[in-house]
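Counting along the sequence shown from 1, when you hit position 130 you're at 129 in the working numbering, and nothing is skipped either side. Beta carbons: idealized from backbone N, C-alpha and C, even for Gly.
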Amino acid sequence: MEYGLYLTFSADNYFSSYDTLEVVLNFDLPDKAIITDSWLWIGDDISKALIMDQWTATLIYESIVKRRRDPSILYKKSSTQYELRIFPMAGNETRKVKITYLVPAAWNNDYVLSPLPVQLINTSSQPLEKFKIITWSSGEWQNPIISGGTDISFSPETNAEYGAHFEAEIPSSQYSNSFNIGFSSPLENGFYLNKYAINENEGIYQLAVLPSAYLDSLEHRKVMVILDYDISNSYITKSDVINQTKSILMSELSEKDSFNLFLSNIQTYKSSENWVNANSENVTQAFENITSKLSNYSNLASVTTDAIDFINKHGKNAEIILISNSDQYGSNQTANEIINDLLKLMETKIPIHIAYFQEVNYKYYWFGGRSYYGNEYLFYNLSKISGGSYQKKDYNNSLNTIITSCFNYLHGTVKSFDLYTSLDDGICYSRYFINNNPDIVYVNQPILQVGKYKGNFPFNFELSGEYLNELFSHDESVDNLNVYSADSVSQDIWTGLYIQKLEQTASSNELISDIIRYSIDERILSLYTAFICLEDTTTVCEDCEEEDDENGWPTLINENNTKPILNAYPNPFSHEITISIKLNAPENEDVTFEIYNVTGELVYVFSDEYLTNGSEISLTWDGKTTEGVELPAGIYLFTIKTGKGTYHLKLVKQN
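Structure follows, in structure tokens:
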């Protein structure tokens with residue numbers, strides 16, 4: 000999903016108007032996130048960032064900061080960590096930016112979910128009263144929801160500014176929760192396919208496939224769900240834990256599955272004395288009015304013992320999902336003793352899948368050459384020895400995500416998995432998996448793939464593997480009538496994944512140069528590039544529009560993505576460089592060509608006589624100023640300003 004994140008920074012009430020500050024924001028985004036743009040407000044104007052290699056961008060930023068002008072710079076520090084810097088900000092002023100980024104969505108049978116950046120709000124020393132979300136439904140993306148909180152839902156609204164849309168508000172009391180925005184899953188007959196056509200017979204596809212839809216031998220499970228809660232160890236409320244567990248259970252289990260629900264208390268609360276079918280009526284009844292039944296203190300050993308005893312007496316072919324934030328068994332001696340005692344109680348091995356969500360009041364332990372916090376050692380080893388799985392909440396994994404992951408394990412994995420795509424008349428190639436490790440494929444978790452194609456549809460995919468010791472294979476042919484249309488964001492997704500793949504293996508200057516080239520050409524932030532907004536070398540972005548309603552919510556108009564083609568030879572140069580430009584026909588009516596140095600100073604302006612040459616233009620520059628003064632060796636920016644935007648090409652002058 001694509002996000003436009005608007006941030007306004009202020010130090011009002013902390014500093015005076017005479018203070019000059021630099022804003023530094025270090026933040027995280029989920030793994031495989033892709034940043035595609037950055038804006039900086041300079042007065043009432045919007046400056047759209049250039050993208051260039053990180054070293055040049057840093058040199059420009061630091062040079063301009065010394066001159067107290069108006070830059071911002073955005074770096075990618077690792078696969079999940081980013082840094083934004085803005086200068087200057089007076090002590091009584093504000094600075095505003097926008098960051099556009101893409102985040103992989105998590106799919107299941109019912110919904111497609113993507114995390115909301117609520118954590119950033121918690122960095123403010125003056126909390127916002129509410130976090131308002133506006134969204135629209137269109138095409139296959141219908142029925143928006145907010146998951147992760149209590150009593151938060153979208154309501155349909157209509158007004159002149161936004162048209163028909165949906166609104167939801169997250170109150171400040173729930174900012175500590177991890178929230179997702181979601182839409183009804185567009186999976187039909189076990190798959191979803193869209194394509195973005197670059198030209199008549201070439202483009203990018205996105206495919207989602209649910210393995211369980213093609214398996215006749217899908218096992219039906221008995222699931223014991225345990226809730227164990229300590230109010231002092233999490234910002235997440237009991238109600239939130241209960242509601243999220245209920246929602247996921249209804250989504251992940253079928254009517255042929257069975258479940259029971261045990262809650263930690265002085266005496267274990269049981270929703271039923273027997274297994275019950277996991278239909279919506281039974282699930283709803285099991286979760287009715289149970290908030291008071293779940294204590295605010297942990298009784299982990301007792302409730303787990305009772306769950307094992309129940310399974311021993313009511314059919315041993317069952318698994319446990321334990322959702323807990325307790326921390327009272329942190330030492331390895333205590334944890335090992337509890338693990339041994341629990342295993343002795345099992346008449347047959349019972350897999351225990353654990354979702355651990357302690358967020359505060361950590362106590363750390365060190366043994367076995369690594370550190371553990373809270374009950375992490377206990378939960379990690381108990382799940383491993385019992386044949387279950389262990390998930391913990393962190394920035395990349397919300398409570399919703401880790402509980403869902405536990406349920407994904409219930410039906411097991413597909414061994415020797417393979418997904419092959421092709422066209423009836425053509426090929427598919429350069430495929431990348433999103434949110435999936437192709438070596439570990441869960442039966443109930445859709446496989447997400449993005450790739451390129453050349454040729455003509457129908458589109459074919461073959462799914463094969465081994466499940467429950469049986470081989471399976473399924474072929475599907477999809478004609479154009481069953482393919483959804485996508486936009487250029489698909490190209491950003493593919494390029495971002497391609498760059499991330501190169502970043503994982505980059506060890507040579509040649510590979511790093513490839514990353515920089517792709518990053519700049521497609522405006523995708525990488526480890527070796529940066530987005531930089533400059534007052535002088537970036538004109539006002541005429542297509543970057545914001546209209547605030549009374550609540551201050553922005554509206555963007557579509558941006559024209561068509562770019563001129565720029566080349567320069569030789570580059571680097573010593574005495575003379577030739578710059579070739581191919582413009583779109585409407586652009587050459589109002590175009591200027593200029594050259595700036597790294598500090599943002601205009602050094603050369605080309606005459607407008609070149610515009611009579613049509614859409615293909617060749618310029619020659621001798622490395623001097625407009626007045627004929629020889630310029631020193633260094634980096635310069637050739638800049639085209641058109642009615643559609645501003646475009647740049649880096650030039651390097653040598654001695």
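- prompt: Is Leu352 buried or exposed, if buried means 16 or more other CB atoms sit within 10 Å of its CB?
  reply: Before going on, a small fix: residue 352 reads as His here, not Leu. Looking at its Cβ environment, which holds 16 or more other Cβ atoms inside 10 Å, His352 is buried.
The segment 203-215 touching the segment 118-138, judged by at least three CB pairs closer than 8 Å: no
message: Within 8 Å, do at least three Cβ pairs link the segment 399-417 to the segment 439-453?
response: yes
- prompt: Does the count of Cβ pairs from the segment 223-232 and the segment 454-471 closer than 8 Å reach three?
  reply: no
- request: Counting only the same chain and skipping the five closest in sequence on each side, list residues whose C-beta sits under 6 Å from that of Ile85.
  value: Val22, Ser71, Arg94
Segment limits, alpha helix (DSSP H) that includes Tyr296: No alpha helix (DSSP H) holds Tyr296; DSSP gives it neither H nor E.
message: What does the Cβ neighbour count give for Val477, buried or exposed, with the cut at 16 atoms within 10 Å?
response: buried
message: In the DSSP output, which residue or residues are listed as bridge partners for Glu1?
response: Leu101
- prompt: Among Phe572, Leu582, Asp109, Gly329, which one has its Cα closest to the Cα of Tyr363?
  reply: Gly329
Proximity of Ile450 and Ser429 at Cβ, strictly below 7 Å: The question names Ile, yet the displayed sequence has Gly at residue 450. Against a cut-off of 7 Å, the Cβ pair of Ser429 and Gly450 comes out as a contact.
Length of the line joining the Cα atoms of Gln390 and Ala317: 19 Å
message: On the DSSP bridge list, what partners appear for Lys221?
response: Ser257
- prompt: When DSSP labels each residue in this structure, what does Asp227 get in the three-state scheme?
  reply: strand
task: Please report the residue range of the beta strand (DSSP E) in which Ile338 lies.
output: No beta strand (DSSP E) contains Ile338, which is instead part of the alpha helix (DSSP H) from 331-344.
query: Going by C-alpha distance, which of Leu565, Ile594, Val590, Asp589 is nearest Ile580?
result: Leu565
query: Just how far apart, CA to CA, sit Gly103 and Ala196?
result: Sequence inspection shows Pro at residue 103; the Gly mentioned does not correspond to that position. Roughly 21 Å separates the two Cα atoms.
query: Assuming Ser270 contacts Ala285 under a Cβ cut-off of 8 Å, what Cβ separation, rounded to an integer in Å, is found between them?
result: 4 Å
task: Examine the Cβ distances between the segment 299-314 and the segment 241-252 and report whether three or more of them are shorter than 8 Å.
output: no
task: Under 8 Å by Cβ, that's how I've got Ile55 and Lys649 pegged, so tell me the actual separation to the nearest angstrom.
output: Here the sequence assigns Thr to residue 55, which means Ile is not the residue at that position. With 8 Å as the limit, Thr55 and Lys649 qualify as a contact, their Cβ atoms being about 7 Å apart.
field: Between the CA atoms of Ala105 and Val275 - distance to the nearest angstrom
entry: 28 Å
field: Pick from Lys453, Lys97, Ser177 that is closest to Tyr204, judged by C-alpha positions
entry: Lys453
message: For the pair the segment 138-146 and the segment 175-186, tell me if three or more CB-CB distances fall below 8 Å.
response: yes
message: Measuring alpha carbon to alpha carbon, tell me which residue in Ser279, Phe605, Leu101, Asn436 is nearest Gln490.
response: Leu101
query: Is it true that the CB of Gln243 sits closer than 7 Å to the CB of Asn380?
result: no
- request: Would you mind sorting Asn654 into buried or exposed? The rule is 16 or more other CB atoms within 10 Å of its CB.
  value: exposed
- request: Tell me whether the beta-carbon of Thr645 lies closer than 7 Å to the beta-carbon of Asp52.
  value: no
message: Tell me the DSSP secondary structure of Ser233 in three-state form.
response: coil
Same chain, Cβ closer than 7 Å to Val111, five either side skipped, listed in chain order: Ala104, Gly181, Phe182, Ser184
message: Beta-carbon within less than 6 Å of Thr99's beta-carbon, same chain only, minus the 5 sequence neighbours each way: which residues are those?
response: Gly3, Thr35, Asp36
Runs of alpha helix (DSSP H) wholly within the segment 461-537 (minimum 4 residues, chain order): 488-504, 508-521
message: Can you give me the C-alpha to C-alpha distance between Asn559 and Asp393, rounded to a whole angstrom?
response: Low confidence applies here, because Asn559 scores a pLDDT of 40, under 50, leaving its location unreliable and the question unanswered by this model.
query: Quick one: what's Ala354 bridged to in DSSP?
result: Ile322, Gln390
- prompt: Any chance the segment 623-636 sits against the segment 591-606, with 3 or more Cβ pairs inside 8 Å?
  reply: yes
- prompt: For Thr283 versus Lys237, is the C-beta spacing smaller than 7 Å?
  reply: no
- request: Determine the direct distance from the alpha carbon of Ala167 to that of Leu510, and round the result to whole angstroms.
  value: 45 Å
Continuous beta strand (DSSP E) stretch holding Asn108: start and end: Taken as a continuous stretch (DSSP letters only), Asn108 belongs to no beta strand (DSSP E), as it is neither H nor E.
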